[in-house]
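The structure appears right after this line, and notes come after that.
2 protein chains.
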Amino acid sequence: MCGSFRRTARALTQMYERALRPSGLRATQLTILQVLVRAGEVSQGRLGEMLAMDSTSLTRTLAIMRRAGWIAERRGEDRRERRVRLSSAGEAKLRRALPAWERVQARLRGKLGQREWGSLLKLTHHVTEIARTQGGLP
Amino acid sequence: MCGSFRRTARALTQMYERALRPSGLRATQLTILQVLVRAGEVSQGRLGEMLAMDSTSLTRTLAIMRRAGWIAERRGEDRRERRVRLSSAGEAKLRRALPAWERVQARLRGKLGQREWGSLLKLTHHVTEIARTQGGLP
DNA sequence: CCAGAATAGATGTATATACATCTATATTGC
DNA sequence: GCAATATAGATGTATATACATCTATTCTGG
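Residue numbers (our numbering), protein chains in the order written: chain R, 1 to 138; chain S, 1 to 138.
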C-alpha cells in the first residue's frame, strides 16, 4: 500500500508540476500556500501536523519560500516558535498559479468521475489518520 | 488531490519505514526488490515505467543498491541499456525484511477493512494510469 | 527560584525525486 | 553506408523529506 501511494503520488506530482511549471511553484509549495490561506498564521510545528510532514523538514522548504517572499515569519509569544503566514506576494503568486492548477485538477476529476473522486479524498484522509496514529506506536 | 496523495504517502512512508528501520531498507528500496522478484531482469527504463518514476532518478537509487550488493547489473544486448536483477544478497535482505513489512501492512489492512483496502488499491492504480497518460499531454 | 525535563526549531547527513543537458549507442532515410 | 535523428542512461542542480542531534526556550516539581 505504501508503494502504491508513493507511485501514485509520483505520477500525480509529475502531472501537476508540469501544469505549474510556468508559475514556478512546486507542488509542496502550492499546498503550503493553500493551507496558509485557510489557516492564517500558524507555527511551523502546527503546519507540519496539518501536512503530515516532519516539522524540521519544513525548515528548509519554508526558508526557500521566505527567500522568494511568498511567506512572512515572526517569533511567537513562545520564543521557540516560528509563526508563518502568507505574504501579499504569496497571495498574488497563488492567485496566478491557481487557474493552471484547477485545469489539471478538473481534467483528472473528469477522468475519474465524481464518485471515485469523492471516495479517494475520503479514503486518503482516513489512511493518513490511521498512519498518523499507528506510526508512532510500535 | 495531488496534495492529498502526497500527504498520505508521507504518513505511510513514515509508518512503514519505522517498521523497516531494523532491516536498513527504505520504502523505495524494498519496493524495487519486490518488483525485481516478480519481473526478473529488467532495464532501468522499464523499471522506471513500472514505478512511475523518471528513469534517470533510478540511476542514483540503483547505484546505492548495487553498492549494498542487493542487485546486479549488466549491459543489455542494446549496449545503452542497463539491465538490473535481484542478487542473492538482495533476495536474502528482502526475505528478512518482509515479516516486519507484512506486520505493519496487516495492521493497516485491519484498521481499514478489506473493502476499503481493495478499493484503495484499485483506485490508486487507476489514478496512476490516468496521470501517466495525461501527464505528457498539454 | 532553580535544576531537570520537555519542547520548537536549526543543522548535519542521507535518500528520493525531477528535469535539463550531455554522451554513447542505435535506428532511419536517402 | 552514412548523416540525421532518436533513445538509454549519466551527470549537474534543485527541491523534498526524514531522523539524529544540538541549541534555545519553556515548563515543572520541590
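From the three backbone atoms N, C-alpha and C, an ideal C-beta is built for every residue, glycine too.
**Prompt:** Out of curiosity, what's the CA-to-CA distance linking R/SER119 and S/ARG115?
**Reply:** 12 angstroms
**Prompt:** Under three-state DSSP, which class holds R/GLY24?
**Reply:** coil
**Prompt:** Below 9 angstroms between beta carbons: does that hold for R/VAL127 and S/LEU12?
**Reply:** yes
**Asked** Thinking C-alpha only, which one of S/GLU91, S/THR8, S/ARG46 and S/GLN29 is nearest S/ALA63?
**Response** S/GLN29
**Message:** If you reduce the DSSP assignment to three classes, tell me which class R/LEU137 lands in.
**Reply:** For R/LEU137, the predicted model reports a pLDDT of 43, less than 50, meaning its position is unreliable; a value from the coordinates is still stated below. Coil at R/LEU137, not helix or strand.
**Asked** Can you list the residues of chain S that R/VAL127 reaches, using a CB-CB cut of under 8 angstroms?
**Response** THR8, ALA11, LEU12, LEU108, LEU112 and LEU120
**Any C-beta of chain S under 9 angstroms from that of R/LEU25** = no
**Distance, R/ARG83 Cα to S/ALA52 Cα** = 36 angstroms
**Request:** Leaving out five residues on either side along the sequence, give the residues of the same chain with a beta carbon under 6 angstroms from the beta carbon of S/ARG10.
**Result:** none
**Request:** Report the rounded CA-to-CA distance for R/SER57 versus S/GLY110, giving the unit in angstroms.
**Result:** 30 angstroms
**Asked** Where do the N-terminal and C-terminal ends of the beta strand (DSSP E) with R/ALA72 fall, by residue?
**Response** 71-75
**Request:** Could you tell me how far apart the beta carbons of R/SER87 and R/ALA72 are, in whole angstroms, since I believe they sit closer than 8 angstroms?
**Result:** 5 angstroms
**Message:** In whole angstroms, give me the CA-to-CA distance for R/THR8 and R/GLY76.
**Reply:** 37 angstroms
**Prompt:** Could you give the C-beta distance for R/GLY90 and R/TRP117, rounded to a whole number, given that I count them as a contact under 8 angstroms?
**Reply:** With a Cβ gap of about 28 angstroms, R/GLY90 and R/TRP117 do not count as contacting.
**Message:** When you compare the CB positions of S/ARG21 and S/VAL104, do they come within less than 9 angstroms of one another, or not?
**Reply:** no
**Message:** Closest to R/MET1 by C-alpha separation, out of S/THR59, S/LEU25, S/TRP101 and S/GLU129, would be which residue?
**Reply:** S/TRP101
**Item:** Cα-Cα separation between S/SER4 and S/ARG38, rounded to whole angstroms
**Value:** 29 angstroms
**Prompt:** Taking the continuous beta strand (DSSP E) assigned at S/ARG67, which residues delimit it?
**Reply:** S/ARG67 -> not in any beta strand (DSSP E); alpha helix (DSSP H) instead, spanning 55-68.
**Asked** What is the DSSP secondary structure of S/ARG85, counted as helix, strand or coil?
**Response** strand
**Item:** Closer than 9 angstroms to chain R by CB, S/SER55
**Value:** no
**Prompt:** If we count the other Cβ atoms within 10 Å of its Cβ and call it buried at 16 or more, is R/ARG6 buried or exposed?
**Reply:** buried
**Item:** Interfacial residues, the segment 30-59 of chain S to chain R, with Cβ spacing under 7 angstroms
**Value:** THR31, LEU51, ALA52 and MET53
**Asked** Cα separation between S/GLU129 and S/ASP54?
**Response** 15 angstroms
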